[in-house]
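Accompanying notes for the structure given below.
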Amino acid sequence: MTQSLSFTGFLRLIGGPCLRGIEALGGTAIFMFDGLAQIFASRKIFPRTIQQLYIIGSKSFFLIMLIGVFCGMVLGLQGYYSLVQFGSVGMLGSAVSLTLIRELGPVLTAIMLTGRAGSSMTAEIGVMRITDQIDALDVMDINSMGYLVSPRLVASLIAFPLLTAVFDVIGIIGGYLTGVLMLGINGGAYFYRIASSVTMTDVAGGFIKAVVFGLLVTTICCRQGYYTNKRRDSVGPEAVGNATTSAVVISCVLILAADYVITSFLL
Numbered sequence: 000m001t002q003s004l005s006f007t008g009f010l011r012l013i014g015g016p017c018l019r020g021i022e023a024l025g026g027t028a029i030f031m032f033d034g035l036a037q038i039f040a041s042r043k044i045f046p047r048t049i050q051q052l053y054i055i056g057s058k059s060f061f062l063i064m065l066i067g068v069f070c071g072m073v074l075g076l077q078g079y080y081s082l083v084q085f086g087s088v089g090m091l092g093s094a095v096s097l098t099l100i101r102e103l104g105p106v107l108t109a110i111m112l113t114g115r116a117g118s119s120m121t122a123e124i125g126v127m128r129i130t131d132q133i134d135a136l137d138v139m140d141i142n143s144m145g146y147l148v149s150p151r152l153v154a155s156l157i158a159f160p161l162l163t164a165v166f167d168v169i170g171i172i173g174g175y176l177t178g179v180l181m182l183g184i185n186g187g188a189y190f191y192r193i194a195s196s197v198t199m200t201d202v203a204g205g206f207i208k209a210v211v212f213g214l215l216v217t218t219i220c221c222r223q224g225y226y227t228n229k230r231r232d233s234v235g236p237e238a239v240g241n242a243t244t245s246a247v248v249i250s251c252v253l254i255l256a257a258d259y260v261i262t263s264f265l266l
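Going by numbering that gives the first Met the number 0, the letters in the sequence shown line up with residues 0 to 266, in that order.
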């Protein structure tokens, strides 16, 4: 009897969080599909998409270049001292390029954009929610999902792959700076190994990850801001801050989880 009661208590203990997790997962999926559907139903979505492309893409360009060049330089340095032990320093170009294109490029780009653009999405939409601006849109018969979320989804689906490509190229240049100019590896061998080892499958896999990450980050960040008023832990401006923190943390965790799942399918 005691064992039965303890087992029931255990089920109650884990049942609540599990049910809330399933509810959040379903709500996020519905939110994402609603935002995607409004892409084709919303009027005058093009100018708002261009505006979001500037905010998400153009304003993040310098940050992505800065992170990319230092990431490539570190990979070149670490790769050189790892490969030199096996007499394979000529493979540095392959190591740097494949690491960037397959993994670090999409993942680090998505994490950087989460911190810079994703947090901004959550805060902006959250402030609009607590100041009743979203309700005002609904009163004026303007679909708030189509006005606020859909342009950000389209912009992210464009900006994330493009910035990932920039990160990859700049990172490869950073590896060249370290490996060739500083450590004396033959420059021709460096680029030859890149050309011979990188395939279109590798590039396509990196772009697939970038698109998925863009969809995840934008959905999570917009949803956290959109439902700021329904948070249980806080209200008002404090709720906006907590929603922004939650959006960044959840997005980063999902980026890494999705990276593992996609990689397991692509390999």
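Yeah, the Cβ is synthetic: ideal placement off N, Cα and C, and Gly gets one too.
Between phenylalanine 30 and tyrosine 225, the C-beta spacing is below 9 Å. The C-beta distance from asparagine 142 to serine 41 rounds to 6 Å, short enough to fall under 8 Å.
Across the set Leu18, Arg151 and Gly26, the C-alpha of Arg151 shows the shortest separation from the C-alpha of threonine 113. Apart from the 5 residues on each side of it in sequence, valine 197 sits with its Cβ closer than 7 Å to the Cβ of Ser96, Leu97 and Ile100 in its chain, given in chain order.
Secondary structure note for arginine 230: it is in no alpha helix (DSSP H), with a DSSP letter that is neither H nor E. Secondary structure at leucine 182: coil, using DSSP grouped into helix, strand and coil. According to the DSSP assignment, serine 87 belongs to no alpha helix (DSSP H), since it is labelled neither H nor E. In chain order, Leu97, Ile100 and Arg101 place their CB closer than 7 Å to the CB of aspartate 201, counting only its own chain and leaving out the 5 sequence neighbours on each side. Residue environment analysis places methionine 199 among the exposed positions, since fewer than 16 neighbouring C-beta atoms fall within 10 angstroms of its C-beta. Under a 10 Å Cβ-count criterion, methionine 72 is classified as buried, with 16 or more other Cβ atoms of the shown protein chains found around its own Cβ.
Around the beta carbon of proline 105, 16 or more other beta carbons sit within 10 angstroms, so the residue counts as buried. Distance between threonine 108 and isoleucine 129, taken at the CA atoms: about 30 Å.
Per DSSP, the unbroken alpha helix (DSSP H) holding methionine 199 starts and ends at 199–225. For methionine 139, the secondary structure class from DSSP, reduced to helix, strand or coil, is coil. With a cutoff of 9 Å on beta-carbon distance, cysteine 220 and methionine 120 are scored as near each other.
Sorting Gly26, Met181, Phe166 and Met127 by C-alpha distance to the C-alpha of glycine 56 places Phe166 at the top.
Within its own chain, the residues whose Cβ lies closer than 7 Å to the Cβ of phenylalanine 212, once the five positions on either side in sequence are excluded, are Pro105, Ala109, Phe159, Ile254 and Ala257, listed in chain order.
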